[in-house]
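What follows is a short report on a single structure.
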Amino acid sequence: MDTGVQTALIGAGAGLLSGGIASLVAPWVTWQLERRRQLHKDRLAMLAEWREGLREAESNSPQMDRLRSFLTTPWYKTLRPHLNPSLRDDLELTPILAGSIGTPVIKYRQDVAVLLNDEIDRIAKEWDMA
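Taking my numbering, I'd label the letters of the sequence shown as residues 46 to 175.
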């Protein structure tokens with residue numbers, strides 16, 4: 046085989062190989078970019094839902110006995126896995142001891158709202174959405 050044919054075959058083989066690799070890599074890169082865009086969009090939607098749910102819970106639950114009614118709402122159920130475990134336990138397991146003997150962890154409705162709002166802000170910063 047002369048060198049011209051060898052050069053042509055090597056060039057064709059290299060072109061075929063690089064084209065094959067590019068055809069495999071390009072869709073993967075596109076998929077990764079789309080996945081990140083969707084994750085960003087989903088996270089923005091969750092943050093907005095949590096903030097709106099917290100606003101509604103504050104305005105709809107003026108009495109202490111109804112304070113934790115938000116624990117059964119869909120927005121809280123999506124927020125729950127992202128909460129700091131100690132805060133989640135305080136909200137779900139610690140009774141409000143307003144007027145009782147003892148030191149309450151969470152005493153007023155505003156405290157719960159502030160704690161949850163701070164936690165939502167922390168999650169937003171963690172996700173680089175703040």
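Cβ coordinates follow ideal geometry from the N, Cα and C atoms, glycine included.
As the structure is a prediction and not an experimental result, all values here were calculated from the model.
Check the C-beta distance from residue i over to residue j and give it rounded, since I have them as a contact under 8 Å.
{"i": "T123", "j": "M91", "result": "6 Å"}
Going by DSSP in three states, residue i sits in which element: helix, strand or coil?
{"i": "A90", "result": "helix"}
{"i": "L128", "result": "coil"}
{"i": "D110", "result": "Reliability fails at D110, whose pLDDT of 40 lies under 50, so the model's placement of it is uncertain and the value that follows must be treated cautiously. It is helical."}
{"i": "A143", "result": "Any reading at A143 is ruled out, since the residue's pLDDT is 49, under 50, leaving its predicted position unreliable."}
{"i": "D173", "result": "coil"}
{"i": "G64", "result": "helix"}
Decide if residue i is buried, meaning its Cβ has at least 16 other Cβ atoms within 10 Å, or exposed.
{"i": "A102", "result": "buried"}
{"i": "V157", "result": "buried"}
{"i": "L161", "result": "buried"}
Do three or more CB pairs link the stretch 79 to 86 to the stretch 128 to 139 at distances below 8 Å?
-> no
Report yes or no: do the stretch 160 to 175 and the stretch 124 to 131 share at least 3 C-beta pairs separated by less than 8 Å?
-> yes
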